[in-house]
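Enquirer: Residue numbering for the sequence shown follows the UniProt record's numbering, beginning at 1 and increasing consecutively. Where is the CB? At the ideal position from N, CA and C, for every residue including glycine. None of these values were measured; they are calculated from a predicted model. Structure incoming, see below.
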Amino acid sequence: MVQTSARLLKVLSLLQSRRFWAGGDLARELGVTERSVRRDVDRLRSLGYPVHATAGVGGGYQLGAGKELPPLPLEDEEAVAVAVGLRVAATGPVKGLEEAAVRALGKLEQVLPKRLRRRVAALQAVSVRLGDTGPSVDAEALAVIAHACRDSELLRFDYSSREGMASERCVEPYRLVHTSYRWYLLAYDLEREGWRTFRVDRIGPKPRTGRSFKARPLPSEDVAAYVSQAVSTDAYRFRARVTVHASSRVVSERLSGVAGRIEELDAERCLVHAGADSLEALAFYFGWLGFEFEVHEPKELIEHLRRLSERLARAAQREGTP
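The following block contains the structure:
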């Protein structure tokens, strides 16, 4: 009985991890016969989980949304509270919880009844968060994008560039990456025939999914590092490489919420890569850090640092008039 119950939980977990499972694939994943899978699916249905089955060649199983919330066990109020909390965690400033919140939100909203979805949406609409530290991201759009990445489905959306230029994109979505300040989507742009990194807060409110696609090899084994480089330096006109006299851990805490890539040199120094659209912005960026540093490139940045220091020195010598 214990073994059967454990397998039942495994079946449920697998059904939540993928949009559709072929019967044979699910049986092989569990190490049982397809007949055992059918019995397990019947047990899940008796517990209230809406598992849809299709027969014939290519048939299989899919976990859907039912008329009632299946036992997690959660009461309606608890389910609403969890959904709202996950949305806040997914789009809010709580470090380290964003990606886990998106995964959990995707699982919950997959089986959440419509009446509870309306309550969640209503609470979200009238709630105000004080002191936002980053751009706002639509939780429902984030969930759609997460599902598209998981199920390898084409994604079409309206996108606004950094310069405010609007365009429509059709992409193969692969990964969502969070930088403690913004959400980014790593995707292959079909029209531009290349890998692109999109800021999720610039994606339109209603992204649309399409047909399934065959996944292609990722541009890097370390997706987080690839996206970090794309958003911290590659996307900007000017790029800087600077040695900062502080540990990488301390600098990382200081740069929380700011695009930048950090390489540890030793216990007291690190190499920071950063980008900006102007040298003045880079000068302020490194002056704001609060640590001693040396500029390796670009050399033009040194002159802008000199101008900034002279301007600050003059301001410090002036006595302001009330």
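Does the pairing of the segment 240–247 with the segment 296–307 give three or more beta-carbon distances under 8 angstroms?
Expert: Contact holds: three or more Cβ-Cβ distances are below 8 angstroms.
Enquirer: Only counting runs of 4 or more residues, tell me where the alpha helix (DSSP H) segments fall wholly within the UniProt domain "HTH deoR-type" (4–59), in order along the chain.
Expert: Correct list: 23–30 and 34–46.
Enquirer: Please state whether DSSP places V137 in a helix, a strand or coil.
Expert: Looking up residue 137 in the sequence shown gives position 137. DSSP places V137 in coil when its eight states are reduced to three.
Enquirer: For my contact list, R175 and C149 are in at a C-beta cut-off of 8 angstroms; report their separation, rounded to the angstrom.
Expert: To locate residue 175, count along the sequence shown from 1; it is residue 175. To locate residue 149, count along the sequence shown from 1; it is residue 149. About 6 angstroms separates the two Cβ atoms, so the contact holds.
Enquirer: From what residue to what residue does the alpha helix (DSSP H) around L282 run?
Expert: For the purposes of this step, residue 282 is identified with residue 282 of the sequence shown, where counting begins at 1. Run containing L282: L279 to L289, per the alpha helix (DSSP H) assignment.
Enquirer: Taking buried to mean at least 16 other C-beta atoms within 10 Å of its own C-beta, is P205 buried or exposed?
Expert: Residue numbering aside, residue 205 sits at position 205 when the sequence shown is read from its first letter. By the 10 Å Cβ count, P205 comes out exposed.
Enquirer: So which of K107, S46 and G24 has the shortest CA-CA distance to G64?
Expert: Translated into positions along the sequence shown, residue 64 becomes position 64. Among K107, S46 and G24, the Cα nearest to that of G64 is on K107.
Enquirer: Give the C-beta separation of L86 and D40 to the nearest angstrom, bearing in mind that I take them to be a contact with Cβ-Cβ under 8 angstroms.
Expert: On the sequence shown, residue 86 is found 86 positions in, with the first residue counted as 1. On the sequence shown, residue 40 is found 40 positions in, with the first residue counted as 1. No, L86 and D40 are not in contact; Cβ-Cβ is about 28 angstroms, not under 8 angstroms.
Enquirer: Could you pull out every residue in the same chain whose Cβ sits closer than 8 angstroms to the Cβ of L308, ignoring the five residues on either side in sequence?
Expert: Translated into the one-based positions of the sequence shown, residue 308 becomes position 308. Here the set comprises E280, A283, F284 and G287.
Enquirer: Please state whether the Cβ-Cβ distance between L289 and R254 is less than 9 angstroms.
Expert: Your numbering for residue 289 matches position 289 in the sequence shown. Your numbering for residue 254 matches position 254 in the sequence shown. Against a cut-off of 9 angstroms, the Cβ pair of R254 and L289 comes out as a contact.
Enquirer: Taking all protein chains shown into account, do 16 or more other C-beta atoms lie within 10 angstroms of the C-beta of I302, making it buried, or fewer, making it exposed?
Expert: Here residue 302 refers to the residue found at position 302 of the sequence shown. It counts as exposed.
Enquirer: Just list the alpha helix (DSSP H) runs in the segment 179–257, keeping only unbroken ones of 4 residues or longer that don't cross its boundaries, in chain order.
Expert: Runs of the alpha helix (DSSP H) inside the segment 179–257: 223–229 and 248–254.
Enquirer: Leaving out five residues before and five after D138 in sequence, what residues of the same chain have Cβ atoms less than 7 angstroms from its Cβ?
Expert: Here the question's residue 138 lines up with position 138 in the sequence shown. The answer, listed in chain order, is P205.
Enquirer: Let me confirm a value: P217 is counted as buried when at least 16 other C-beta atoms fall within 10 Å, else exposed. Which label applies?
Expert: The residue labelled residue 217 in the question sits at position 217 within the sequence shown. Exposed, by the Cβ-count rule.
Enquirer: Grab the span of the beta strand (DSSP E) containing R318 for me, first residue to last.
Expert: On the sequence shown, residue 318 is found 318 positions in, with the first residue counted as 1. Segment: none, R318 is in no beta strand (DSSP E) and carries neither H nor E.
Enquirer: Report the rounded CA-to-CA distance for A267 versus R261, giving the unit in angstroms.
Expert: Numbered from its first residue, the sequence shown carries residue 267 at position 267. Numbered from its first residue, the sequence shown carries residue 261 at position 261. One C-alpha to the other measures close to 17 angstroms.
Enquirer: My understanding is that V37 touches G23, with C-beta atoms under 8 angstroms, so please give their C-beta distance in whole angstroms.
Expert: Taking the first residue of the sequence shown as position 1, residue 37 is located at position 37. Taking the first residue of the sequence shown as position 1, residue 23 is located at position 23. Confirmed, Cβ separation roughly 6 angstroms.
Enquirer: For the candidate residues G48, T209 and L44, whose alpha-carbon lies nearest to that of S152?
Expert: As a position in the sequence shown, residue 152 is number 152, starting the count at 1. Among G48, T209 and L44, the Cα nearest to that of S152 is on T209.
Enquirer: Report all residues from its chain with a CB closer than 7 angstroms to the CB of H304; omit the five preceding and five following residues, and keep chain order.
Expert: The residue you call residue 304 lines up with position 304 of the sequence shown. These residues qualify, in order along the chain: L279, E280 and A283.
Enquirer: In the DSSP assignment, what residue or residues form a beta bridge with S160?
Expert: For this step, residue 160 is matched to residue 160 along the sequence shown. Per DSSP, A166.
Enquirer: In angstroms, rounded to a whole number, what distance separates the CA positions of S256 and T197?
Expert: The residue you call residue 256 lines up with position 256 of the sequence shown. The residue you call residue 197 lines up with position 197 of the sequence shown. The predicted model places S256 with a pLDDT of 49, which falls under 50 and marks its position as unreliable; any figure quoted below should be read in that light. Their backbone Cα atoms lie some 20 angstroms apart in a straight line.
Enquirer: Indicate the three-state DSSP secondary structure (helix, strand or coil) for G106 in the structure shown.
Expert: As a position in the sequence shown, residue 106 is number 106, starting the count at 1. Correct three-state label for G106: helix.
Enquirer: Cβ atoms of Y61 and A26: under 9 angstroms apart, would you say?
Expert: Along the sequence shown, read from residue 1 onward, the residue named residue 26 stands at position 26. Along the sequence shown, read from residue 1 onward, the residue named residue 61 stands at position 61. Residue identity differs from the one stated: residue 26 is Leu in this sequence, not Ala. Yes. Within cutoff.
Enquirer: On the DSSP bridge list, what partners appear for Y61?
Expert: Numbered from its first residue, the sequence shown carries residue 61 at position 61. Note: Y61 sits in a beta bridge opposite W21 and A53.
Enquirer: From which residue to which residue does the beta strand (DSSP E) around E292 run?
Expert: Taking the first residue of the sequence shown as position 1, residue 292 is located at position 292. It is not in any beta strand (DSSP E) - E292 carries neither H nor E in the DSSP assignment.
Enquirer: Taking 9 angstroms as the cut-off, decide whether the C-beta atoms of V200 and Y188 are in contact.
Expert: For the purposes of this step, residue 200 is taken as residue 200 along the sequence shown, with counting starting at 1. For the purposes of this step, residue 188 is taken as residue 188 along the sequence shown, with counting starting at 1. No, they are not a contact pair.
Enquirer: DSSP three-state call for residue 327: helix, strand or coil?
Expert: What is shown of the chain runs 1 to 322, which leaves residue 327 out entirely.
Enquirer: Who are the near neighbours of residue 323 in its chain, counting only those whose CB is closer than 6 angstroms to its CB and skipping five residues on each side?
Expert: The requested residue 323 is not part of the displayed model; the chain covers only 1 to 322.
Enquirer: Quick one: what does DSSP say I302 is sitting in, helix, strand or coil?
Expert: In the sequence shown, counting from the first residue as 1, residue 302 sits at position 302. Here I302 sits in helix by DSSP.
Enquirer: Who are H273's beta bridge partners in DSSP?
Expert: Here residue 273 refers to the residue found at position 273 of the sequence shown. According to DSSP, which records beta bridges pairwise, H273 is partnered with R241 and R261.
Enquirer: Mind checking who V171 pairs with in its DSSP beta bridge?
Expert: The count along the sequence shown starts at 1 and reaches residue 171 at position 171. Note: V171 sits in a beta bridge opposite L155 and D189.
Enquirer: Just to confirm before moving on: does the CB-CB distance between Y159 and R202 stay below 9 angstroms?
Expert: Locating residue 159 in the sequence shown gives position 159, counting from the first residue. Locating residue 202 in the sequence shown gives position 202, counting from the first residue. Yes, they are a contact pair.
Enquirer: Could you give the DSSP three-state label for L112: helix, strand or coil?
Expert: The residue labelled residue 112 in the question sits at position 112 within the sequence shown. Three-state result, L112: coil.
Enquirer: In whole angstroms, what separates the C-alpha of A143 from that of Q317?
Expert: Against the sequence shown, residue 143 aligns to sequence position 143. Against the sequence shown, residue 317 aligns to sequence position 317. Approximately 53 angstroms, taken between the alpha carbons.
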